[in-house]
Structures are given as C-alpha cells and as structure tokens.
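Asker: Numbering (the working numbering), first residue to last: 39 to 711.
Each residue gets a CB set at the ideal place from its N, CA and C atoms; glycine is no exception.
Since we're looking at a predicted model, the values are computed, not measured.
Dumping the structure here so I can ask a few things about it.
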Amino acid sequence: MNKLFGFTFMSVLALTACTATTEVEQAEQPWVVDRFDDIKVIRYEVPGFNELPLEEKIYIYYLAEAAKCGRDILFDQNFKYNLAVRRTLEQIYVASEVREGEEFAAFEKYLKKVWFANGIHHHYSNDKFAPEFSEAWFREQLAAFINDENRQIEDDFLCQIIFNKDLFASRLNQTAGVDVITESCGNYYEGVNQAEVEAFYAKMIAADEGNPEPISYGLNSKLMRNEKGEIFENVWKVGGMYSSAIERIVYWLEKAAEVGTPVQRETLEALIKYYKSGDLKDFDTYNVLWVKDTESNVDVVNGFIEDYGDPLGRKASWESVVNFRDEEACHRTEIMAENAQWFEDNAPINPAYRKAEVKGVSAKVITVAMLGGDCYPATAIGINLPNADWIRKEHGSKSVTIDNITYAYDKAAQGNGFMEEFVLREEDRERMKKYGKYSDDLHTDLHECLGHGSGQLAPGTKGNELRTYSSTLEEARADLFALYYLGDPKLIEIGLIETLDVAWAQYSKYIMNGMQTQLSRIEPGKNVEESHMRNRKLIAEWCYKKGMEENVIEIVKQDGKSYVVVNNFERLRELFGELLCEVQRIKSEGDYEACKALVEDYAVKVDPEFHAEVIARNKALNIEPYGGFVNPEYELVQDAEGNIVDVKILYPANYIEQHLDYSTNYSFLPTLN
Ligand code: ZN
39 MNKLFGFTFM SVLALTACTA TTEVEQAEQP WVVDRFDDIK VIRYEVPGFN
89 ELPLEEKIYI YYLAEAAKCG RDILFDQNFK YNLAVRRTLE QIYVASEVRE
139 GEEFAAFEKY LKKVWFANGI HHHYSNDKFA PEFSEAWFRE QLAAFINDEN
189 RQIEDDFLCQ IIFNKDLFAS RLNQTAGVDV ITESCGNYYE GVNQAEVEAF
239 YAKMIAADEG NPEPISYGLN SKLMRNEKGE IFENVWKVGG MYSSAIERIV
289 YWLEKAAEVG TPVQRETLEA LIKYYKSGDL KDFDTYNVLW VKDTESNVDV
339 VNGFIEDYGD PLGRKASWES VVNFRDEEAC HRTEIMAENA QWFEDNAPIN
389 PAYRKAEVKG VSAKVITVAM LGGDCYPATA IGINLPNADW IRKEHGSKSV
439 TIDNITYAYD KAAQGNGFME EFVLREEDRE RMKKYGKYSD DLHTDLHECL
489 GHGSGQLAPG TKGNELRTYS STLEEARADL FALYYLGDPK LIEIGLIETL
539 DVAWAQYSKY IMNGMQTQLS RIEPGKNVEE SHMRNRKLIA EWCYKKGMEE
589 NVIEIVKQDG KSYVVVNNFE RLRELFGELL CEVQRIKSEG DYEACKALVE
639 DYAVKVDPEF HAEVIARNKA LNIEPYGGFV NPEYELVQDA EGNIVDVKIL
689 YPANYIEQHL DYSTNYSFLP TLN
C-alpha cells in the first residue's frame, strides 16, 4: 500500500507542477491554434527539452530535420496526383492578392484540409473532399496565376480531380466484395487488380516458406507494370522511387549518427543501409537493433512503418516520430513491463495461445519532439513497434505512450460541454472527470505495452490469413487485453491504481464512444471503415448484445436523447474476457470466416437514426471530432567559431505558415513520381 500512495502522490505532484507552468503560458497562447471543418489544430509543448544535455539536443535537431524531409512521400503515397494538387493550390494561395470573399475562404479551408490529410482524401474516412468553392472561380485563379512555367498538371484534368466527385472517390475502399485494389486510389498499386496483387505476393511468400525470419514482402514498394506489361515492385530507396526525398532523410540521419552514442550510431547506420539498399532483410536487421536499444534517452521512428493505408495491409506509409523519455511517467510502464509475464499467464484465453515466455517488453512514456509523415499533423498517442511478428516473438517490441500529446489534447478539450451532453449519470461524469486522463493513459499503456505483444499463433498459422480484417482484429485484441486488465484488482496490488473506479471511468467512456460518440466522425449514410473505429464499435456492440438480457449496457432514452450507460462493470469485464478469448483464437488459428463475420456483424454498419442524433448533438456543441498538431521549431545557436552551443526551441502557433514553410523548405520530390 505504501508503494501505491507513494506513486499516486508523485503523479499528482507532477501533474500539478505541469499545470502551473502551462496556465501561465495559456494566457498568452491558446492550445488550439486553428479550427476548420471537422478539425482542430493544437500546439504541443516539449517539457524537458531545455534541460537535455547539449549533445542530445543536437541529436534531436538532426533527427527532427530528417522527420520533415519525408512529407512529400506521404502525399504521393496517398494519391498519385496529391503533389500536383497541393503545389497548384499553394501557388494560387501565395500569389493571390484578393484574399477575401466566400470563394477565397472556401478555397483556404480546402487547402487547410489538404495539408491536414496529406492529400485530397480525408485522413480518417478516406473519402475525397468536396470543395466548397466553384469550378468557375477556381478556373479564374488558374488563368491568373498558373502559366506554362509553374503548371504542375493539365488544367482540365486538375479540375476533374478536384470537382468530379465520382473520380478517385476513395483512397481506401475495403467494402466486402469489391476489388479493394482497383476501387482504392491510394498510390501503392497501379495497373494491377486485387487478384494479381494477391497472386504476386502469394508466390513470393511461398518461395520463402519455412523461413523462421519471414520477410515483410511488399512493405517498401509500389506494385506496378513496366513497359512490357510485367508486374514489378518499384522500390522506395536511394536510387529508386522517392530517391530525392530519401537522400535528404539519409543526409540528416548521417549527421545524427555522427553525434549519437555508439548504440545510436550503429542503429542509425543500419537504417541508412536499408534506405540505400531497399532490401527488407536490412530493414529487419535495423529493427532488431532498434528494439534492443532500450537504454537511449532519445529515440526515433523513421521509415515505412504502418500499413493501414493499404487495403491489403502490406505497403507501409512513411512516418517519423522523434522523442525522448519522460522519466517520471515511465515508472508506470516499468511496473507493467515487470509484470508482463503475470499478465500473459493469466490472460482469459486458450493457454495454447499464450506466450510461454514474454520477451523484451519494453515500455516507456515519451515526450515527442517532432512529428513527421503519417504522424503529422494527426498522430497516434501510442506506438508499438516493430510490426514483424517474428521480431516481436524473438526480440520483443518497444511500446510507448506519448504524454505531451495526450496532455495537449486534454487541455484543448477542457470545458467543451461534451460530457454534460453525452454522459447521463452524475456519478459517471464525476468518475470520468477525476480519472479520465489517467485511465486513458493506462489504457494506452496496456494496449501498446502488453496487448499487442501478447499471445501467439498456432503452429501452421502464418499471420496473413485475416487479410482486410487483420488490422481491426489486431486493434480489438490489444484493446480487449487493456480493458480486461484495467479492471483487474492486480492493478491495485502492483500500485498502478488505488481504486477500480479508474477502470469503471474508462469502461463507461469506451462503451459510449464505441457505440455512440465516435459516430460523429462518420458522414451520414457511410459505414465505419477505419480499423481503430471498427475495433471500438465491434467490442462495444458485441458486449451490448451479449449482455442484453442482464442489462449490462443500456441505451437510455431521455428527453428525446439517447444515452449509452454501463450498469454492471464487473459483468462487462467478464464479457471483455470472453471476447478476448475468441479474438485471440481467431488470430491464432487465422480463422478468416469467423473474423469476417465478427467484423461485418458488429463493426461496420450504422443505424441511420441513431447516427443522425449523434451528429446533431455533437454539432450543437461545436466540437471538431478530429485533432492534429503544429510542430515546434528548433534553431541551432552557434558561437563565433561556428560551434553549436545550444539548440533553441520555438513554439510557432500558425498552422498555415508551418505548412507553407514545409512546402518551401522540405519539398524534394517531383510532382509525379
Ligand atoms: Zn494498437
């Protein structure tokens, strides 16, 4: 018990200290720096940066430069003509002298959305944006500001791209039964259909059969046809596709390697080698080194990492996160890591699918110093890498919770009226107010640190059987693991919580979000597509249905409004355990049919009336459902001899200026790649 109070007291102290400093700054600079459409842009602070030793500051500076150099890659990956659109819009925006009127305002909003989504498709729904300015007005701007010198793409085709709503309608279409490759206009494939892609990779995988260290085939290339019509991989590497941006990334990584510790240098050199060779074996070598480095204070994710943007979950988008340890908060995840084996041994799943020996669970809480690529402006709040199953099994994984980002989110959301509108019972509201942020943090820690790393496949299962449903199922598995253990008295015993009210706060919020409030992000008439959203809906709806007779979760109607209420937390926890057991079985056995049924039955379809109500209530509150960030800036301070004597951190609060700066100074790719 001593440990418990000691720990809780410390975190309260830490929080108070933080709040005190930020309140002073808040008076000068608000947390929300821009709002448009369904987006709010928030700034984040980097507490502790100024106290870092000089060599770590310089190391961060170089890595931060590298993080900014891959922005164009992501634009191009998201859609072949994104860079053409962005550059044309920016040229008009900068040159335009008359900066007022409805058409210009709508144009500016569209450009802000394109920056936010790294392209013309919504970052979450993947649907193409509908411009609110007229084609006639836009053509006038083209005539005025675009000429043969600066034209990126033919005017008529550009207008088709922007204004024809049926053309390139979705970046990522995973509707059951459609050809997910030809119906998605992401730029990972060209001139090939789903059957051809599947056959291409099935052949590669078959040739690698029995390799205990299977290659993540397809991860770093575009699959397309050559002049002879043969299908080939156009690899993203120095000398390959995206070379001019990758060369810049490598340039800054080399600078960083020079000032890093021996371990950091070795790891970065492996990454550089991979960027130069494009060989996925080199990527695995790098990942093994990366995952083993748990000691360094400063760490970085940089590369082609997550495959959410590929309908077949094979091609990875470029991203970077530069970060350093938040020592105080790390105490929390260290306790989890120390108990990792206990959690695994007691998981409510078939013992055959538990890991006999949990290896190298390393978890930490980090402070982000720079976001890039697919982590900017919208970012995850937790990361668990690497993704290759065999590396996770043999060498473990690194898992992080990003504290300064969740802190900024929390600050930006305070007092927005959301809880008063959607949470029916006073007691639930109180619990959420008291424990909400902490229970979110714990949930993220458990999800990233233990959830993704838990479990094992049955002999013979390869891990790619679940195809388009695999990310949803994997997120559900990690969330269920987190939810189940959040309500375990073991957490009190090891000093992570002092009361299960922390768990109940999360349970109420999670179920309400999964069944109801997250739907405000979906347009009327649309299905749920994004895998994290699908996962939350799956879990909430499944528990609602299974617990219906016992009234575990209830939809209460009051004054014409619906409220999702959890009546029985203990029973809900058991239901989480039951579903975890089934979800783990599906993953371990690669049971595609069961997976498909689970996702299609619970995670996809939305009741139109219920949906309309959420949208209306959310709209009345004026809350943007999505948030993203502006980055800080770093400046080298040099003495008369040119020695670097310090790195200064600045907090710009202008979303437009930051993007124009990135497009001017960190844009290295040709318009068409
Ligand atoms: Zn996850």
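Can you tell me where the alpha helix (DSSP H) holding Lys475 begins and where it ends?
Answerer: Per DSSP, Lys475 belongs to the alpha helix (DSSP H) from 464-483.
Asker: Residues near ligand 3, CB to any non-hydrogen atom under 6 Å, in chain order?
Answerer: Only ligand 1 can be found as ligands here, which leaves ligand 3 out of the picture.
Asker: Tell me which residues share the same chain as Glu662 and place their Cβ nearer than 7 Å to its Cβ, disregarding the 5 neighbours each side in the sequence.
Answerer: Closer than 7 Å at Cβ, skipping near neighbours: Arg73, Asp76, Ile77, Lys78.
Asker: Are the beta-carbon atoms belonging to Phe201 and Gly157 less than 8 Å from one another?
Answerer: Cβ atoms of Phe201 and Gly157: not closer than 8 Å.
Asker: Report, in whole angstroms, the separation of the C-beta atoms of Val70 and Ile687, which I expect to be a contact under 8 Å.
Answerer: Their Cβ separation, rounded to whole angstroms, is 20 Å, which puts Val70 and Ile687 out of contact at 8 Å.
Asker: Thinking C-alpha only, which one of Phe342, Gly298, Ala390 is nearest Asn333?
Answerer: One point to set straight first is that residue 333 is Glu, not Asn, in the sequence displayed. Per the Cα distances, Gly298.
Asker: Three-state secondary structure (DSSP) at Glu192?
Answerer: Glu192: coil per DSSP, three-state reduction.
Asker: Could you tell me whether the segment 619-630 touches the segment 526-537, using the rule of 3 or more Cβ pairs below 8 Å?
Answerer: Segments in contact, no.
Asker: Between which two residues does the alpha helix (DSSP H) carrying Leu423 extend?
Answerer: Not the alpha helix (DSSP H): Leu423 falls in the beta strand (DSSP E), residues 420-423.
Asker: Starting from Trp290 and walking both ways along the beta strand (DSSP E), at which residues does that stretch end?
Answerer: No beta strand (DSSP E) contains Trp290, which is instead part of the alpha helix (DSSP H) from 281-297.
Asker: Would you check if the distance between the CB atom of Tyr522 and the CB atom of Phe607 is smaller than 8 Å?
Answerer: Result no, Cβ atoms of Tyr522 and Phe607 do not sit closer than 8 Å.
Asker: To the nearest angstrom, how far is the alpha carbon of Ile98 from that of Cys107?
Answerer: Near 14 Å, if we compare the C-alpha coordinates of Cys107 and Ile98.
Asker: Which residue from Ile243, His481, Thr323 puts its Cα closest to that of Ile35?
Answerer: The shown model of the chain, from 39 to 711, leaves out residue 35, and the question about it has no answer.
Asker: Determine the contact status of Ile404 and Asn361, defining contact as a CB-CB distance below 8 Å.
Answerer: In this structure, Asn361 lies closer than 8 Å to Ile404 by Cβ.
Asker: Assuming Gly489 contacts Asp517 (C-beta within less than 8 Å), just tell me the rounded distance between them.
Answerer: That belief holds up - the Cβ atoms of Gly489 and Asp517 are roughly 7 Å apart, short of 8 Å.
Asker: Under 8 Å between the Cβ atoms of Ser259 and Glu268?
Answerer: Going by C-beta atoms, Ser259 is not nearer than 8 Å to Glu268.
Asker: Report buried or exposed for Val566, applying the criterion of at least 16 other Cβ atoms within 10 angstroms of its Cβ.
Answerer: Val566 comes out buried.
Asker: So what's Val396 in DSSP terms, helix, strand or just coil?
Answerer: Three-state result, Val396: coil.
Asker: Assess contact between the segment 573-591 and the segment 187-194, defined as three or more Cβ pairs (one per stretch) separated by less than 8 Å. Is contact present?
Answerer: The segment 573-591 vs the segment 187-194: no contact.
Asker: Can you give me the Cβ contacts of Leu618 inside the same chain, cut-off strictly under 8 Å, excluding the 5 residues immediately before and after it?
Answerer: Excluding residues within five positions, the ones whose Cβ falls inside 8 Å are Ala385, Pro386, Ile387, Arg515, Leu518, Phe519, Tyr522.
Asker: Jot down the residue ranges of each uninterrupted alpha helix (DSSP H) in the segment 229-286, minimum 4 residues, whole runs only, in chain order.
Answerer: Whole alpha helix (DSSP H) segments, 4+ residues: 232-245.
Asker: Write down the C-beta distance between Leu698 and Leu121 rounded to the nearest angstrom, noting that I regard them as a contact closer than 8 Å.
Answerer: Not quite, the Cβ-Cβ distance comes to about 15 Å (not below 8 Å), so this is no contact.
Asker: Around the C-beta of Gln452, are 16 or more other C-beta atoms found within 10 angstroms, so that it is buried, or is it exposed?
Answerer: Answer is exposed; the Cβ neighbour count stays below 16.
Asker: Which term fits Arg137, buried or exposed, when burial requires 16 or more other beta carbons within 10 angstroms of its beta carbon?
Answerer: Exposed is the call here.
Asker: Let me know the beta strand (DSSP E) ranges lying completely inside the segment 154-228, each 3 residues or longer, listed in chain order.
Answerer: Counting only runs of 3 or more, we get nothing.
Asker: Are the segment 574-589 and the segment 544-563 touching, with three or more C-beta to C-beta distances below 8 Å?
Answerer: Result yes; three or more Cβ-Cβ pairs closer than 8 Å.
Asker: Report all residues from its chain with a CB closer than 6 Å to the CB of Ser705; omit the five preceding and five following residues, and keep chain order.
Answerer: So the list reads Asp110, once near-sequence residues are dropped.
Asker: Can you look up Tyr689 in the DSSP assignment and give me helix, strand or coil?
Answerer: The answer is coil: DSSP assigns Tyr689 none of H, G, I, E or B.
Asker: With distances taken from CA atoms, which of Tyr640, Asn188, Lys95 is nearest Thr126?
Answerer: Answer by Cα proximity: Asn188.
Asker: CB Gln596 to CB Arg574, shorter than 8 Å?
Answerer: Going by C-beta atoms, Gln596 is not nearer than 8 Å to Arg574.
Asker: Using 8 Å for Cβ pairs, my map puts Trp428 next to Glu251. What's the rounded Cβ distance?
Answerer: Indeed, because the Cβ distance is near 5 Å, the residues count as touching under 8 Å.
Asker: So is Gln544 buried or exposed if we call it buried at 16+ other beta carbons inside 10 Å?
Answerer: Buried, because 16 or more other Cβ atoms sit within 10 Å of the Cβ of Gln544.
Asker: Nearest CA to the CA of Ala390: which residue from Arg623, Glu141, Gly680?
Answerer: Residue Arg623 is the option with its Cα nearest to Ala390.
Asker: How many Å lie between Lys402 and Lys203 at the Cα?
Answerer: Roughly 44 Å separates the two Cα atoms.
Asker: State whether the segment 216-227 contacts the segment 339-354, with contact taken as three or more CB pairs (one from each stretch) at a distance under 8 Å.
Answerer: The segment 216-227, when compared against the segment 339-354, does touch it at the 8 Å Cβ threshold.
Asker: So the candidates are Val326, Leu524, Cys197; which of them puts its Cα closest to the Cα of Val123?
Answerer: Nearest of Val326, Leu524, Cys197 to Val123, Cα basis: Cys197.
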